[in-house]
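Residue 225, in the numbering used here, is where the sequence shown stops; the numbers in between run on with no holes.
Scroll down for the structure; my scribbles are underneath it.
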Amino acid sequence: MQSVFHSRLHVAVIMDGNGRWAARRGWPRARGHEAGVEAIRRVAEAAPEHGVGTLSLYAFSADNWRRPKAEVRALMGLFRLYLRTETARLVRDGIRLTVFGRRDRLPDGIPEAIGRAEAETAGGTRLHLRIAVDYSARAAILAAAIQARACGGVGREAFRRLVTGEPAPPDVDLLIRTSGEQRLSDFLLWESAYAELFFTERMWPDFGAEDLAQALAAFRARDRRFGGLAEPVAAA
Ligand code: FPP
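Set out below in structure tokens:
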């Protein structure tokens, strides 16, 4: 059975520009990431009112381990703080939080904190907030392929569930990337097969409810054909 989130939109966001946002102000990059957490709060709060049922955010890619140790430490520290301080607010707002990506390389205590936050917010039905940490879409697809082979092969729907993990989200409807960059950076490659792409110059720390509304208005003006035709036409 499909969950309550499936009848509403799935929006994915590549939150980009934290570092440049901070640098322009002469601040350390970590301050940009802190402001990025505020933006997460704003957008998660606004999302359900705009018809969004699932919001997937790219917080830390498998390739982000290549960043300077101090920045990785700052990001992990922020994530730890987020899990500790945000759970009560998420429960209050009816938001279910799940985290996807590898957990075995995360610093001590974080996998347990993720488990607690997921358990405490599991009853939320207004929004499914999914945060990608140590995530790589290619790695997820490869792991699914290995599992599928071990099962002697599976159909497309079962394979999709192996790729996405549980709870399986619907396909991405709209993928937003901030800060003027226009690429997918190994985020939700399977799930975004028919996603509409929206790129904005806005830096992630400045992104808010108004920007989300604008992106959704652009999305709603698009003609989604999923490989078909806009109007039914007589067979040639
Ligand atoms: C991209 O900006 C952003 C990230 C790599 C991390 C996003 C993280 C957050 C918004 C905060 C931490 C998340 C949680 C859930 C607590 P960038 O650093 O690549 O910016 P730049 O392209 O301007 O350098």
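By construction, the Cβ of each residue, glycine as well, lies at the ideal position given by its N, Cα and C atoms.
Closest by CA to residue i, which one among the options?
i: residue 52; options: 121, 74, 196 and 169; result: 121
i: residue 86; options: 68, 57, 150 and 144; result: 68
i: residue 186; options: 198, 169 and 208; result: 208
i: residue 189; options: 138, 169 and 100; result: 169
i: residue 79; options: 35, 61 and 212; result: 35
i: residue 30; options: 74, 66, 173 and 103; result: 74
i: residue 66; options: 145, 184, 135 and 98; result: 98
i: residue 38; options: 167, 198, 94 and 132; result: 198
i: residue 54; options: 100, 81, 96 and 219; result: 96
i: residue 62; options: 81, 77, 94 and 76; result: 94
i: residue 126; options: 91, 9, 210 and 167; result: 91
Using a threshold of 8 Å, state whether the C-beta atoms of residue i and residue j are closer than that.
i: residue 42; j: residue 83; result: no
i: residue 165; j: residue 0; result: yes
i: residue 33; j: residue 116; result: yes
i: residue 20; j: residue 11; result: yes
i: residue 89; j: residue 124; result: yes
i: residue 118; j: residue 64; result: no
i: residue 175; j: residue 50; result: yes
i: residue 72; j: residue 103; result: yes
i: residue 152; j: residue 135; result: no
i: residue 25; j: residue -2; result: no
i: residue 148; j: residue 139; result: no
i: residue 60; j: residue 18; result: yes
If you follow the beta strand (DSSP E) that residue i is in, where does it begin and where does it stop?
i: residue 117; result: 116 to 124
i: residue 24; result: Taken as a continuous stretch (DSSP letters only), residue 24 belongs to no beta strand (DSSP E), being part of the alpha helix (DSSP H) at 18 to 35.
i: residue 47; result: 41 to 50
i: residue 150; result: It is not in any beta strand (DSSP E) - residue 150 instead sits in the alpha helix (DSSP H) that spans 145 to 153.
i: residue 87; result: 84 to 89
i: residue 226; result: This structure does not reach residue 226, given that the chain is present from -10 up to 225, and the question cannot be answered.
i: residue 1; result: -2 to 3
Which of the three DSSP states, helix, strand or coil, is assigned to residue i?
i: residue 196; result: coil
i: residue 56; result: coil
i: residue 185; result: strand
i: residue 204; result: helix
i: residue 61; result: helix
i: residue -7; result: coil
i: residue 129; result: helix
i: residue 70; result: helix
i: residue 191; result: coil
i: residue 79; result: helix
i: residue 134; result: helix
i: residue 170; result: coil
i: residue 139; result: helix
i: residue 38; result: helix
i: residue 94; result: coil
i: residue 209; result: helix
Over the uninterrupted alpha helix (DSSP H) stretch that includes residue i, give me the two end residues.
i: residue 108; result: 99 to 110
i: residue 12; result: 7 to 12
- prompt: Between the stretch 176 to 183 and the stretch 195 to 208, are three or more C-beta pairs nearer than 8 Å?
  reply: no
query: Pairing CB atoms from the stretch 98 to 108 with CB atoms from the stretch 150 to 167, are three or more of them under 8 Å?
result: no
- prompt: Should the stretch 185 to 194 be called in touch with the stretch -1 to 15, which here means at least 3 C-beta pairs below 8 Å?
  reply: yes
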